[in-house]
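Residue 493 in full-length UniProt numbering is what sits at position 493 of the sequence shown, and the numbering runs on without skipping anything. All C-beta atoms, glycine included, are put in the ideal place defined by N, C-alpha and C. Source: prediction; values computed, not measured. The structure appears below as structure tokens.
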Amino acid sequence: MTEQVADARIPTPRGGQGEPTLASLDPRDDTVLAEYPVAGKGEVAAAVDRARAAAHWWDVQGFRGRRQWLLEFKSVIASRAGELAAVVSAETGKPADDALLEVMLAVEHLDWAAKHAQKVLRRRTVPSGLVSANQASSVGYRPLGVVGVIGPWNYPVYTPMGSIAYALAAGNAVVFKPSELTPGVGVWLADAWQAMAPMQPVLQTVVGRGETGTALCRAGVDKIAFTGSTATAKKVMAVCAETLTPMVAECGGKDAMLVDADADIDAAADFAAFGGLGNGGQTCAGVERVYVAEPVYQRFLDAVAERAAALRPGGGPTASYGPMTMGRQVQIVRDHVRDALAGGARAVVGGLDSVHERYVDPVVLAEVPEDSTAMTEETFGPTLAVNKVVDLDEGVRRANASRYGLGASVFTADKDRGRAVAERLHAGAVTINSVLGFAGVPALPFGGVGDSGFGRIHGADGLREFSTVKSVTVQRFPAPLNLLTMTRKPRDMKVSAWMLKTRHGRR
Ligand code: NDP
């Protein structure tokens, strides 16, 4: 049992369950930034009703019309990026540049989704096959209708936009429930849409806590796009099961980085520091575990320690990273560090004393027991666990021992070996010789396996995720062998039986 250290930030003055408003706080000092009315069941249902009507209008716009609207929306966001980044920075505490980069990435995805929806989703013909040669066959993708998006706080623009942009481009209306920690970002996005298309609430935001998310799941939406923790995904899935509402679940990770003996160690150490400690480690596909081949282990550890020790968290614009956005997470980070040290891990940079009330200084741990929580559970703080392995094979085995499987990275001079290792890693996305390389490529689908979730956002698969498939056949001429009749001819059956044997019976 680990000692519970009182966290002065809990409870926060946000207003509890059932209260009519939600205060958005700056996690750097708990300044109240704004108060938002909480959407209860009735308000959520009304938003979904409005979305249903807007979805019809949106569908009628067709691919071309939606493309124009979405590109217009993109320019609105891009031209006011500084303003949006300021809201992100205030609500998460992250430095302004990090917030701006997040907005930039979100805009890239919106641009890609807008420009590729038609190509990916338009009706396409498929071969009908010999038996049905008299049919003309095609596959089309139709919008689902209304998609409910439930988002987290760590990248409050980039992450939900990974669902919102693709759902909109696929022809759906969206009702977005942002995290209770970042309501202002959600409200900003919906307001920006409303200013552009006041009569058509294709994108709306409902503010609230978990209950508002539950109400959205129960409001008759056609799909839920959830991003958040695995534990909450299970609750959301249970609620969705009541109405057979489908969902896509983008959950947490425990991403591994593998460093081979021939890797560029300085580059790998740079990326490890960025991927593990950037944004205070509050990145779903951030680096949490590093497995380094024995010949370069010490060199890597020294290089990463040097980089980590130079980082300075804080609330100012030049800080390396900001505070822990969610006060509760501080105790989890503390518990993981303590558990690792109790199991025999070595603190190379920082240690338990690095975990302060709001800010966590960088922590680099070495020789961390594989069964400690620092290796088995998502830490979501600025910590790196670096362990020695004999070679990449052992690295793969250890990486795959996790129940999570979101992202992973491999560092090696031999890119073919890197690609082969990528195929063997249980992860939704792998990057070779960088970290998070996939996050900025809109054409690449993103999502995890195991406890990291299911379904995909981004890319063509992300567009299809928010569509329903419709198959159509058109009979071009009567079939020479008419088998779809109650008055089948013995001759047609005889020929069919012969064809079956001839075409498929031989090896
Ligand atoms: P949570 O699971 O706590 O919350 C996610 C969202 O679900 C929030 O909007 C939350 O609202 C809402 N919610 C909470 N309870 C319910 C409920 N019972 N029914 C419906 N909705 C509910 O995650 P965090 O916000 O703390 O985000 C951090 C997590 O997100 C990490 O695990 C991280 O790895 C993961 N993540 C995954 C990404 C991916 O793409 N795979 C990307 C980014 C983050 P409220 O905030 O009001 O409680």
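Alpha-carbon spacing of residue i relative to residue j, whole angstroms
| i | j | result |
| --- | --- | --- |
| Thr473 | Arg142 | 16 angstroms |
| Ala261 | Asp391 | 8 angstroms |
| Val296 | Thr125 | 54 angstroms |
| Phe411 | Ala267 | 9 angstroms |
| Phe63 | Ala167 | 13 angstroms |
| Leu425 | Asp98 | 29 angstroms |
| Ala385 | Asp255 | 11 angstroms |
| Pro67 | Trp193 | Per the sequence shown, residue 67 should be read as Arg rather than Pro. Computed Cα separation, rounded: 14 angstroms. |
| Val292 | Leu500 | 56 angstroms |
| Pro445 | His458 | 5 angstroms |
| Thr92 | Val355 | 18 angstroms |
| Asn154 | Pro20 | 25 angstroms |
| Ser132 | Leu484 | 11 angstroms |
| Ala233 | Val48 | 21 angstroms |
| Ser496 | Phe176 | 54 angstroms |
| Glu102 | Arg398 | 31 angstroms |
| Leu71 | His109 | 11 angstroms |
| Glu294 | Gly280 | 28 angstroms |
| Glu288 | Asp371 | 14 angstroms |
| Glu211 | Pro323 | 26 angstroms |
| Gly395 | Ser402 | 12 angstroms |
| Trp58 | Ala117 | 14 angstroms |
| Lys119 | Thr468 | 16 angstroms |
| Asn433 | Ala420 | 14 angstroms |
Any non-hydrogen atom of the ligand NDP within 8 angstroms of residue i CB
| i | result |
| --- | --- |
| Glu19 | no |
| Thr245 | no |
| Ser229 | yes |
| Gly453 | yes |
| Lys235 | yes |
| Tyr321 | no |
| Tyr155 | yes |
| Val175 | no |
| Ala285 | yes |
| Phe466 | no |
| Ile457 | yes |
| Ile164 | no |
| Phe226 | yes |
| Ile150 | yes |
| Met326 | yes |
| Gly447 | yes |
| Leu121 | no |
| Phe300 | no |
| Thr412 | no |
| Leu181 | yes |
| Pro178 | yes |
| Gly184 | no |
| Glu43 | no |
Bridge partner(s) assigned by DSSP for residue i
| i | result |
| --- | --- |
| Phe176 | Val149 and Thr205 |
| Ile164 | According to DSSP, Ile164 bridges with nothing at all. |
| Phe63 | Beta-bridge pairing links Phe63 to no other residue. |
| Thr431 | Ser409 |
| Glu108 | Answer by DSSP bridge pairing: none, since Glu108 is not bridged. |
| Gly42 | DSSP lists no partner for Gly42. |
| Ala385 | Arg289 and Leu365 |
| Thr31 | Asp26 |
| Thr21 | Pro37 |
| Gln135 | Gln475 |
| Arg142 | Thr468 |
| Tyr155 | In DSSP, Tyr155 forms no bridge with anything. |
Own chain, CB closer than 7 angstroms to residue i, minus 5 neighbours either side, in chain order
| i | result |
| --- | --- |
| residue 517 | Outside the shown range of the chain (1 to 507) lies residue 517, about which nothing can therefore be said. |
| Phe466 | Leu144, Val147, Tyr166, Ala167, Ala170, Asn172 and Lys223 |
| Asp270 | Arg307 |
| Ser179 | Gly151, Pro152, Trp153 and Pro156 |
6 angstroms CB neighbourhood of residue i in its chain, flanking five on each side removed
| i | result |
| --- | --- |
| Ser452 | Cys251, Gly253, Tyr404, Gly405 and Leu406 |
| Arg299 | Ile265 |
| Pro478 | none |
| Gly315 | Arg28 |
| Ala6 | In this prediction, Ala6 has a pLDDT of 35, which is less than 50 and means its spatial position is unreliable; what the coordinates show is noted afterwards. Closer than 6 angstroms at Cβ, skipping near neighbours: no residue. |
| Gly213 | Ile150 and Lys177 |
Residue-level contact to chain D via CB, residue i, 9 angstroms cutoff
| i | result |
| --- | --- |
| Val410 | Protein chain content of the structure displayed is limited to a single chain, and chain D is not contained in it. |
Beta-carbon contacts of residue i that lie in its chain and below 8 angstroms, excluding the five residues immediately before and after
| i | result |
| --- | --- |
| Leu105 | Tyr158, Ala439 and Gly440 |
| Arg503 | Leu130 |
| Leu365 | Val337, Ala340, Leu341, Ala345, Arg346, Ala347, Val348, Ala374, Thr383, Leu384, Ala385 and Val386 |
Exercise. Taking the runs of the beta strand (DSSP E) that are 3 residues or longer, which of them lie wholly in the segment 304–365?
Worked result: 346–349
Exercise. Which residue spans inside the segment 181–228 form an unbroken alpha helix (DSSP H) run of at least 4?
Worked result: 183–196 and 210–217
Problem set entry | Segments assigned alpha helix (DSSP H), at least 4 residues, entirely inside the segment 441–498 | 459–465
Exercise. Hey, which unbroken runs of the beta strand (DSSP E) at 3 residues or more fall wholly within the segment 221–294?
Worked result: The qualifying runs are 223–227, 247–250, 255–259 and 287–293.
Exercise. Can you list, in chain order, the stretches of the beta strand (DSSP E) that have 3 or more residues and sit fully within the segment 74–129?
Worked result: 124–126
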